[in-house]
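Please read the structure below before turning to the comments.
2 protein chains.
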Amino acid sequence: MRQFAVLSGATESAAAVRALNVLRAEGRLSRVEIAERIGVSQPAVTHAVRTLVERGLAREEGRQLLDRGAPRRLVELVADSWYAVGVQFDLTATTIVLEDYAGNLVSSAHRSGVGETDPHTAAVGLAAKIRDLLDDASVPGERVLGIGLATYGPQDRERGMLVTPVPTPQWRGYPLTSTLGDMLDVPVLLEHDATAAAIGEMATGQVGTTFGVIYMATGIGGAVIVDGSPYRGRSSNAAEVDHITVVPGGRDCLCGGRGCLGAEASPLAVSVRSAERPLLVARLGLGQSLDAGVTDFEILARASRDGDLEAAEMLDHSAGLLGSASVTMLNLFDLDTLVLTGPAFRTAGPLYRERVERVVQTRAANRDLSMPRVLLGIDPVLASARGAASNVLRRVLPLP
Amino acid sequence: MRQFAVLSGATESAAAVRALNVLRAEGRLSRVEIAERIGVSQPAVTHAVRTLVERGLAREEGRQLLDRGAPRRLVELVADSWYAVGVQFDLTATTIVLEDYAGNLVSSAHRSGVGETDPHTAAVGLAAKIRDLLDDASVPGERVLGIGLATYGPQDRERGMLVTPVPTPQWRGYPLTSTLGDMLDVPVLLEHDATAAAIGEMATGQVGTTFGVIYMATGIGGAVIVDGSPYRGRSSNAAEVDHITVVPGGRDCLCGGRGCLGAEASPLAVSVRSAERPLLVARLGLGQSLDAGVTDFEILARASRDGDLEAAEMLDHSAGLLGSASVTMLNLFDLDTLVLTGPAFRTAGPLYRERVERVVQTRAANRDLSMPRVLLGIDPVLASARGAASNVLRRVLPLP
C-alpha cells in the first residue's frame, strides 16, 4: 500500500510544496527565482529543492547564461515521476484526462455520461475507463498520485459524496471517492465541476488569483477564487448561479422557483426552446440526440457561427440572461474578472463572451473602480477534468 | 500624541487580543475558560492576562465558587479604561454611539444626514457632533480609542475615502478618515454600513461566525461573514445586493439597469410607489418629509402593523422581492443564516423576516442540506453604528 499525504490549504505553506506549484506554473526556474516567487529565504529554497530532488520530484540541470555574474543551475520538475487523473462527469458526458507531474496533458478521452446508472455500477465503469486510459498511455497505475473527480452538486466534498438524488436516489450519500479509491488504490478528491475548472484556470496563470468562473455544460455552475483559494462558504456548494431569477414568473425550475437562469438560459433550456420551433428543428436537424440538449446546443452554436440568424437569436437571448446573472455574481463577490468555460462554450464561446462582457461593462456596480473583463477559458472542453487533475497535483504529496 | 496600533486580521492571533475579544463577547471568565475559548495554553493565558492587567485593560477579581476544587479568580475588562465611537451616516440620517471598552452602549444620538453638504463641511460637523456626545457622557477625548465610520459605498476602505460622486463630486476621493482623525487625534476606520452591522451582529454572539446580512436604510446593502471575517472580494465592496435584477424591464436604476432590487424594493422605492396612490397618500399623510422615503416607509410600516391592508400590500411586495434576492445571496455565498438589520426594519422587521424566510425556505438551493433561517438583528436601528464601534474595539490597541 503506497502512502500519500493529502494536504489541506493550511499546510500548503511548506516551502517545498510552494516550490512545486511555482515550478509547475512557470517551468524551469533558478533557486533565486523560486525564492523570489514564493517569498522565502535562499537557504530555505536550497533545503526545499534538495528534498524534492532526493524524492525524485525535481532535478537540477542546464545552465542559464546570464549577462553578468555566475551561471545558475535551473530546477525543473521530473515530469514522468508521477501522474494525476482528472475526471469530469455528469449525466450526459464523461471526460477523463491524464496529466504528468509537471501538469502537461498526456492524453484525454470522452465517454458517455452516467445517465441513470446506479452509483456502484458507475464507479466500476469509471475505474475501468481510467485503467484503459492509463494502459493506452503506458502509464503504470503505481505512478498515479490520485484521481480528481469533478461533477455537479450539491456535494459533501469532505466526505466525498453527492447529496443530491440526481440521477437516482442511491447516489445521495453513496461513498463515491472511497469506493473508487479502494478500487484503484489512490486518493480520490471530489470537487465541484465549476470549482475544478476555476482551479485549472488559475493553474494556467492567465487570470491572476481573484476571479469568477461561469461553467456551462448541460446546466450552469459558478465558482469564485479569492487570493488563490476557492471561496467555499458553509458547505462547499458556493456560487450556485443556476437559480438566479432572470425571468420572474418564467419557466418552472426543479428548485421550486420559476424563471431561474438554468431554466431559461442553459444549453438544456436553449434546446427545449428550440424544440418549440418546428421550422428551426427541421432546418438544423435538431432533436435527434437524447443527451439533454448538449448536441442540439452545439448544432445551434455552429449554425449561429455560420450565419443562421434564428440560431443566433436563440443563443443571444441566452447570453443576455447569462450577462445579467454575471452582473449579480460580480457585484456580490466584488470581482472584475470573469472566465467563461465548460464544454458548452466550445463553439459558442466567442458569441457569449462578447455579449456577457457588453452587459457587465454597462451594468456592474463597481465598473468605475475597474472595468470588468470577461475571458474565455483556455480549454473550455477539458477545463473541469484538467482542473480536477491539477487539484490532485497541488494537494497530494507522494510520501517517501 | 497618543499611540495606537491598528491591527489587520493577520495579527489578531496574539493571545492577548483574542482574550480581549472573548472577554468582550462573554463577560467575566476564569483563566481556564479563556484558555478553552481561544485554544491556547494556560501559561500563555496567564501571560496574556498579566499584560492586559498591567496595561489597565483588564482586572482580576471576585471568586467563582465551584462545587469542587479551588475557587478561581475571574478576569473582566475594565469597562471605563477606553471608549470607542461608532458613526453610521448617509444622506438622510446620522447615528452616533459611544461604547465602553467592554462593548456596552454608553449613549447614542440621531442627527440629520449629510444631505448635499460638501465633505469638508460634513467632517467638521461630524467632529462637533462627536465632541458633543463625549461631553454629554463626560468621557474625556483622550480616552477614546478611535472612531468607526460606517457608510455607503463604493469605498476605498484602506485609504479611507468614498469613490462615489454621491452626494456631490467632491466626495469622491476626499480623505475622509484622515481629516476626521486629524481633527480628533484618533484612528478612524472606514467600513461599509452593511459590513459594520455584520461585525456588530457577530459581536453579540447570537448568530455564529458564518452568515449573511441584509442592511436596509434608504437603500439595501449586503455583507457576508465567513469564519469570523468579512468576505472582502477585490475592493472591499462585496455583497452588493442592491442591483440584483428582481423585475426585468422594471424601473430605471441609477446603475444603468432596470428593475434592480434597490429600484423596486428599497424603502425609497416603496415610498415612490406609494406616492403614486393619492388615496393612500392622503389617508396616511405621506409625502411630508424630504428624507428620501425614510419617514414614509416608517409610516407605512406602522400602518401595516396596525392593520392597514394597502400599506401591508406595499410592504409585502417589497419583502417578496427581497426574499427573491436573498435566495440569490444565500445560493451564491452558500449560507444558511441571514440577518435582516438596519433602521428600515425598526417596525417592519417582523413582517419582512417572516416573508423573506418563507421565500428562502421554499427556494434556497441547499435547503435540503440545512434549512435556512432568517433572523432580525438585535438592534436594527443602531446596528451599523454599534458595529463600527465594535470594529474599533476589535482592531485598535492602545499602546502603553
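These protein sequence lines are chains P and Z, in that order. Here the numbering used here is used: the first residue of the first sequence is 16, the next is one more, and so on. Here the numbering used here is used: the first residue of the second sequence is 16, the next is one more, and so on. Glycine is no exception: its CB is placed at the ideal position from the N, C-alpha and C atoms. Note that the coordinates shown come from a computational prediction; the quantities given were computed from them, not determined experimentally.
Taking only beta-carbon atoms, is R378 of chain P less than 8 Å away from chain Z?
yes
How is the beta strand (DSSP E) around R87 of chain Z delimited, first residue to last?
R87 to L92
Does R126 of chain P come out as helix, strand or coil in the three-state DSSP assignment?
strand
Give the secondary structure of G279 of chain Z by DSSP, where H, G and I count as helix, E and B as strand, and everything else as coil.
Contrary to the premise, residue 279 of chain Z reads as Glu rather than Gly in this sequence. Here E279 of chain Z sits in helix by DSSP.
Mind listing, in chain order, the continuous beta strand (DSSP E) runs of no fewer than 3 residues lying wholly within the segment 157-213 of chain Z?
159-166 and 203-207
Checking 8 Å against the spacing of the C-beta atoms, do G234 of chain Z and D257 of chain Z come in under that value?
In this structure, G234 of chain Z sits near D257 of chain Z, with a CB-CB distance shorter than 8 Å.
By DSSP, does T61 of chain Z sit in helix, in strand, or in coil?
helix
On the premise that T107 of chain Z lies in contact with A307 of chain Z, defined as a C-beta separation below 8 Å, what is that separation, rounded to the nearest angstrom?
Between T107 of chain Z and A307 of chain Z the Cβ distance is about 5 Å, and since that is below 8 Å, they are a contact.
According to DSSP, is Q376 of chain Z helix, strand or coil?
helix
Below 8 Å on C-beta distance, what does F312 of chain Z contact in chain P?
What F312 of chain Z touches in chain P: nothing, since even the nearest Cβ is about 23 Å away.
Quick one: does R33 of chain P have its CB under 8 Å from some CB of chain Z?
R33 of chain P has a beta carbon lying at 8 Å or more from every beta carbon in chain Z.
Tell whether a beta-carbon distance below 8 Å holds between A340 of chain P and I240 of chain P.
No.
Would you list, in sequence order, the uninterrupted beta strand (DSSP E) runs of no fewer than 3 residues that lie entirely inside the segment 222-266 of chain P?
Inside the segment 222-266 of chain P, DSSP marks whole beta strand (DSSP E) runs of 3 or more residues at positions 226-231 and 235-241, from first to last along the chain.
Which residues in the same chain as Q221 of chain Z place their Cβ atom closer than 7 Å to its Cβ, once the five residues preceding and following it in sequence are excluded?
Exclusion of the five residues before and after Q221 of chain Z leaves I393 as the residues of its chain whose Cβ lies within less than 7 Å of its Cβ.
Give the residues of chain P in contact with R249 of chain Z, contact being defined as C-beta atoms less than 7 Å apart.
T225, D349, L350 and D351
Is it true that the CB of G156 of chain Z sits closer than 8 Å to the CB of L148 of chain Z?
Not in contact: L148 of chain Z and G156 of chain Z (Cβ atoms no closer than 8 Å).
Please work out which residues of its chain come closer than 8 Å, Cβ to Cβ, to S56 of chain P, disregarding the five sequence neighbours upstream and downstream, and give them in chain order.
A50
Going by alpha carbons, who is nearest to A124 of chain P out of P:F104, P:A29, P:E131 and P:S45?
P:F104
Which value, in whole angstroms, describes the spacing of the CA atoms of L141 of chain P and T132 of chain P?
12 Å
Can you give me the start and stop residues for the beta strand (DSSP E) that V55 of chain Z sits inside?
Going by DSSP, V55 of chain Z is part of no beta strand (DSSP E) at all; its letter is neither H nor E.
Between the Cα of P282 of chain P and those of P:A326, P:E369 and P:A138, spot the shortest distance and give me the residue it belongs to.
For P282 of chain P, the nearest C-alpha among the options comes from P:A326.
Put I145 of chain P into one of helix, strand or coil per three-state DSSP.
helix
Which class does V20 of chain Z belong to by DSSP, given the choice of helix, strand or coil?
Here the sequence assigns Ala to residue 20 of chain Z, which means Val is not the residue at that position. Reduced to three states, the DSSP call for A20 of chain Z is strand.
Quick check: the Cα distance between R273 of chain Z and R88 of chain P, rounded to an integer number of angstroms?
60 Å
Would you say L384 of chain Z faces chain P, with C-beta separation under 8 Å as the test?
yes
With a threshold of 8 Å between beta carbons, is G272 of chain P in contact with chain Z?
yes
Using alpha carbons as the reference points, say which of P:L177, P:V203 and P:W97 lies closest to V251 of chain P.
Note on residue identity: the sequence assigns Ser, not Val, to residue 251 of chain P. S251 of chain P has its Cα closest to that of P:L177, out of P:L177, P:V203 and P:W97.
Residues bridged to Q103 of chain P by DSSP?
P:T110 and P:A165
Using a cut-off of 9 Å between C-beta atoms, extract the partners of S339 of chain Z located in chain P.
T260, P263 and G272
Shortest alpha-carbon distance to P180 of chain Z belongs to which of Z:A398, Z:T61 and Z:P134?
Z:P134
What does a CB cutoff of less than 6 Å around E255 of chain Z pick up in its chain, not counting 5 residues either side in sequence?
none
Give me, in chain order, the residues of the same chain whose beta-carbon lies closer than 7 Å to that of A359 of chain P; leave out the 5 immediate sequence neighbours on both sides.
Answer for A359 of chain P: M231, A232, P282 and F312, listed in chain order.
Would you mind telling me which residues of chain P sit closer than 7 Å to N381 of chain Z, beta carbon to beta carbon, in chain order?
Among the residues of chain P, those whose CB is under 7 Å from the CB of N381 of chain Z are P169, S250 and N252, following chain order.
Using a C-beta to C-beta distance shorter than 8 Å, which residues of chain Z count as neighbours of M217 of chain P?
Within chain Z, no residue comes near M217 of chain P; the closest Cβ sits about 15 Å away, beyond 8 Å.
Let me check understanding here. Comparing Cα to Cα, which of P:V159, P:L164, P:V121 and P:L295 lies closest to A152 of chain P?
P:V121
Are there 16 or more other CB atoms within 10 angstroms of the CB of M329 of chain Z, so buried, or fewer, so exposed?
buried
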